[in-house]
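Comments concern the structure below.
There are 2 protein chains.
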Amino acid sequence: MAKLPEKTDFPVSQVRRYLEPGSIVLVSSAWRGATNIMTLGWHTVLEFSPSLVGLMISSGNHSHRMIRESGECVINLPTTALTDTVVDIGNTTGAEIDKFAKFNLTHQKATKVGAPLIGECHASFECRLRDDALVDRYNFFIFEVVKAHVAASPKHPETLHYTGDGVFMVSGKIISRRSRFRPEMLD
Amino acid sequence: MAKLPEKTDFPVSQVRRYLEPGSIVLVSSAWRGATNIMTLGWHTVLEFSPSLVGLMISSGNHSHRMIRESGECVINLPTTALTDTVVDIGNTTGAEIDKFAKFNLTHQKATKVGAPLIGECHASFECRLRDDALVDRYNFFIFEVVKAHVAASPKHPETLHYTGDGVFMVSGKIISRRSRFRPEMLD
Chain A
17 MAKLPEKTDF
27 PVSQVRRYLE
37 PGSIVLVSSA
47 WRGATNIMTL
57 GWHTVLEFSP
67 SLVGLMISSG
77 NHSHRMIRES
87 GECVINLPTT
97 ALTDTVVDIG
107 NTTGAEIDKF
117 AKFNLTHQKA
127 TKVGAPLIGE
137 CHASFECRLR
147 DDALVDRYNF
157 FIFEVVKAHV
167 AASPKHPETL
177 HYTGDGVFMV
187 SGKIISRRSR
197 FRPEMLD
Chain B
17 MAKLPEKTDF
27 PVSQVRRYLE
37 PGSIVLVSSA
47 WRGATNIMTL
57 GWHTVLEFSP
67 SLVGLMISSG
77 NHSHRMIRES
87 GECVINLPTT
97 ALTDTVVDIG
107 NTTGAEIDKF
117 AKFNLTHQKA
127 TKVGAPLIGE
137 CHASFECRLR
147 DDALVDRYNF
157 FIFEVVKAHV
167 AASPKHPETL
177 HYTGDGVFMV
187 SGKIISRRSR
197 FRPEMLD
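Residue numbers (the numbering used here), protein chains in the order written: chain A, 17 to 203; chain B, 17 to 203.
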């Protein structure tokens, strides 16, 4: 089995570094003794501090009720090394299978929430439900990231960006325009 | 001057193709005879049909009031050819300059909203404000895409995904796992 990336604490106010690029994420949850994982591409950063993110979790997903009832989840960032797993998680349902077992993924204990981290992912963000005002209307959950774990390398892992129809774009190549920014626009 | 990409009608229910990958977008607006453009990375798809997208437009931006008052905007998709323009638009304010003029961008008339399309962008999505319930609390606007314009080629343009601190990831390379999806999961 591949070695798991070693993750260390990361400031929650800086999670935009990993979430703003808009890649597919794996959302893990726990409720009533069961765990689950879903593949999700519809998310956005909403605020630096408190560290807020919004996720559209369709009510058709088994995870929807688990996350709503438990009020918690972990947002995990997979790299291209996990491409087939990302697809397979999205094409199966936690109502029928145990996804950690089926896809040989490693539970890691979170520190502030009950949902598990996925050991194979590059980063994991522990989240508590902050506002469910738009859940009934749009399945839109607002979470606060309460703890962040990130692997130190690679600094810019290749990530998967879904376009629909079974096709992903891959990002990883970097361009910096730091010198072109006003200092107060950098963080 | 570079030739503008020729855009044609595109189904509004399929805009996730261009927005779900999570690249930086340029949001254009018009209000009281003025136009403006802002660079924005905090957005998510929310629904296929109606075609809904959510945008976090900070109240510190000159565009915030223009978009809230007019109830309209256009989400434009820039490619890496526009990298410096994307940065410069994000580092200036429409309170002081006319961004279309300053950055030599081409106004194109929208068909359903008053805000202009940006001719140089690969795609433009005309939006009407659908729900402002979370604007006061989170600056989060929910729009309905009412008309979509997309260039036919390239099929997968290189796009910019912001990480903060002046650094972008670039995506454009494609991997397909179509054969691994259950048919009902494809669209």
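For glycine and all other residues, C-beta sits at the position ideal for the given N, C-alpha and C.
Span separating the alpha-carbon of B/P173 from that of B/L98: For this step, residue 173 of chain B is matched to residue 157 along the second sequence. For this step, residue 98 of chain B is matched to residue 82 along the second sequence. Roughly 12 Å separates the two Cα atoms.
Only counting the same chain, and skipping five residues up and downstream in sequence, which positions put a Cβ closer than 6 Å to that of B/S140? To locate residue 140 of chain B, count along the second sequence from 1; it is residue 124. Taking C-beta separations shorter than 6 Å and ignoring five residues to either side along the sequence, the partners of B/S140 in its chain run V90, N92, L133 and H165, following chain order.
Continuous beta strand (DSSP E) assignments of at least 3 residues falling wholly in the stretch 29-85 of chain B: 41-47, 50-56, 59-63 and 68-72
Does the beta-carbon distance from A/L42 to A/I53 come in below 9 Å? Here residue 42 of chain A refers to the residue found at position 26 of the first sequence. Here residue 53 of chain A refers to the residue found at position 37 of the first sequence. Yes; because the gap between Cβ atoms is below 9 Å, this pair is in contact.
Residue from A/T179, A/D25 and A/E200 with nearest C-alpha to B/R194: Taking the first residue of the second sequence as 1, we reach residue 194 of chain B at position 178. The shortest C-alpha separation from B/R194 is found at A/T179.
Would you mind telling me which residues of chain D sit closer than 9 Å to B/A149, beta carbon to beta carbon, in chain order? Of the chains in the structure shown, none is chain D; the protein chains are A and B.
Inter-stretch contact (C-beta, 8 Å, three-pair minimum) for the stretch 59-66 of chain B and the stretch 25-37 of chain B: Contact between the stretch 59-66 of chain B and the stretch 25-37 of chain B is present, because at least three Cβ pairs lie under 8 Å.
Once the 5 residues before and after B/T101 are set aside, which same chain residues still bring their CB inside 6 Å of it? Translated into positions along the second sequence, residue 101 of chain B becomes position 85. In chain order, F119 place their CB closer than 6 Å to the CB of B/T101, counting only its own chain and leaving out the 5 sequence neighbours on each side.
Taking C-beta pairs closer than 7 Å, name the residues in chain B that A/H177 reaches, listed in chain order. Position 161 of the first sequence, counted from the start, is the residue given in the question as residue 177 of chain A. Chain B residues near A/H177: P37, G38 and S187.
Provide the residue span of the alpha helix (DSSP H) that contains B/V102, from first to last. Here the question's residue 102 of chain B lines up with position 86 in the second sequence. B/V102 -> alpha helix (DSSP H) spans T99 to G106.
Assign B/G38 to one of two classes, buried (16 or more other C-beta atoms within 10 Å of its C-beta) or exposed (fewer than that). Along the second sequence, one-based indexing puts residue 38 of chain B at 22. It counts as buried.
Integer Cβ distance of B/F157 from B/I83, believed to fall under 8 Å: Within the second sequence, residue 157 of chain B is the residue found at index 141, counting from 1. Within the second sequence, residue 83 of chain B is the residue found at index 67, counting from 1. Right, the Cβ-Cβ distance comes to about 7 Å (below 8 Å), so this counts as a contact.
From A/G135, A/E136, A/G130 and A/H138, pick the residue whose C-alpha is nearest to that of A/L145; which is it? By one-based count along the first sequence, residue 145 of chain A stands at place 129. Selected option, being the one with the closest Cα: A/G130.
Distance check for A/G57 and B/L20, CA to CA, integer angstroms please. Locating residue 20 of chain B in the second sequence gives position 4, where the first residue counts as 1. Locating residue 57 of chain A in the first sequence gives position 41, where the first residue counts as 1. Near 30 Å, if we compare the C-alpha coordinates of A/G57 and B/L20.
Name, going along the chain, the residues of the stretch 100-123 of chain B whose beta-carbon falls closer than 8 Å to a beta-carbon of chain A. Against chain A - using a Cβ distance shorter than 8 Å - the residues of the stretch 100-123 of chain B are D100, V103, D104, G106 and N107.
From A/L121 to B/N155, what distance separates their C-alpha atoms? As a position in the first sequence, residue 121 of chain A is number 105, starting the count at 1. As a position in the second sequence, residue 155 of chain B is number 139, starting the count at 1. Each residue's Cα considered, the two are about 37 Å apart.
Please report how far the alpha carbon of B/K189 lies from the alpha carbon of A/K189, in whole angstroms. Counting from 1 along the second sequence, the entry for residue 189 of chain B is found at position 173. Counting from 1 along the first sequence, the entry for residue 189 of chain A is found at position 173. B/K189 and A/K189: Cα-Cα distance of roughly 10 Å.
Contact under 9 Å by Cβ, B/G136 with B/V162: Residue 136 of chain B sits at position 120 when you count from the first residue of the second sequence. Residue 162 of chain B sits at position 146 when you count from the first residue of the second sequence. In the sequence as displayed, the identity of residue 136 of chain B is Glu instead of Gly. No, these two residues do not count as a Cβ contact at 9 Å.
Measure from the alpha carbon of B/R196 to the alpha carbon of each residue in A/A46, A/V183 and A/P170, then state which is nearest. Start at 1 with the first residue of the second sequence, and residue 196 of chain B comes out as number 180. Checked all of A/A46, A/V183 and A/P170; the closest Cα to B/R196 is A/V183.
Three-state secondary structure assigned by DSSP to A/R144: Position 128 of the first sequence, counting from 1, holds the residue named residue 144 of chain A. It is a strand residue.
Run through chain B and tell me which residues come within less than 9 Å of A/E160, C-beta to C-beta. The count along the first sequence starts at 1 and reaches residue 160 of chain A at position 144. Within 9 Å Cβ-Cβ: nothing; A/E160 doesn't reach chain B, min ~12 Å.
My guess is that A/A111 and A/H80 are in contact by the Cβ rule of under 8 Å, so how many angstroms apart are they, rounded? Here residue 111 of chain A corresponds to residue number 95 of the first sequence, with the count starting at 1. Here residue 80 of chain A corresponds to residue number 64 of the first sequence, with the count starting at 1. The Cβ separation is near 11 Å, so there is no contact.
Residue nearest to B/T175 in terms of C-alpha spacing, selected from B/A167, B/A168 and B/S187: Working through the second sequence from its first residue, we reach residue 175 of chain B at position 159. In this structure, B/S187 is the residue among B/A167, B/A168 and B/S187 with its C-alpha nearest to the C-alpha of B/T175.
Put A/V151 into one of helix, strand or coil per three-state DSSP. Taking the first residue of the first sequence as position 1, residue 151 of chain A is located at position 135. Here A/V151 sits in helix by DSSP.
For B/K125, name the three-state secondary structure that DSSP assigns. Translated into positions along the second sequence, residue 125 of chain B becomes position 109. B/K125 falls in the coil class under three-state DSSP.
Count the other C-beta atoms from every protein chain shown that fall within 10 angstroms of the C-beta of A/S45, then say buried if there are 16 or more, exposed otherwise. Translated into the one-based positions of the first sequence, residue 45 of chain A becomes position 29. Burial call: buried.
Rounded separation between A/Y34 and B/L150 - CA only: Translated into positions along the first sequence, residue 34 of chain A becomes position 18. Translated into positions along the second sequence, residue 150 of chain B becomes position 134. The alpha-carbon atoms of A/Y34 and B/L150 are separated by roughly 24 Å.
Measuring only between beta-carbons, confirm whether A/W47 sits less than 9 Å from chain B. Within the first sequence, residue 47 of chain A is the residue found at index 31, counting from 1. Under the Cβ distance rule, A/W47 does not count among the residues neighbouring chain B, no pair being separated by less than 9 Å.
Identify the continuous alpha helix (DSSP H) that holds B/F184 and give its terminal residues. Mapped onto the second sequence, residue 184 of chain B falls at position 168. Unbroken run through B/F184 is the beta strand (DSSP E), V183 to S192; no alpha helix (DSSP H).
Closer than 7 Å, Cβ to Cβ, to anything on chain A: give me those residues from the stretch 189-201 of chain B, in chain order. K189, I190, I191, S192, R193, R194, R196, F197, R198 and M201
DSSP on B/K23, reduced to helix/strand/coil? Within the second sequence, the letter at position 7 stands for residue 23 of chain B. Three-state result, B/K23: strand.
Opposite B/H165 in the DSSP bridges: which residues? Taking the first residue of the second sequence as position 1, residue 165 of chain B is located at position 149. According to DSSP, which records beta bridges pairwise, B/H165 is partnered with B/D25 and B/S140.
Please report the residue range of the beta strand (DSSP E) in which B/L93 lies. Position 77 of the second sequence, counting from 1, holds the residue named residue 93 of chain B. Segment E88 to L93, the beta strand (DSSP E) holding B/L93.
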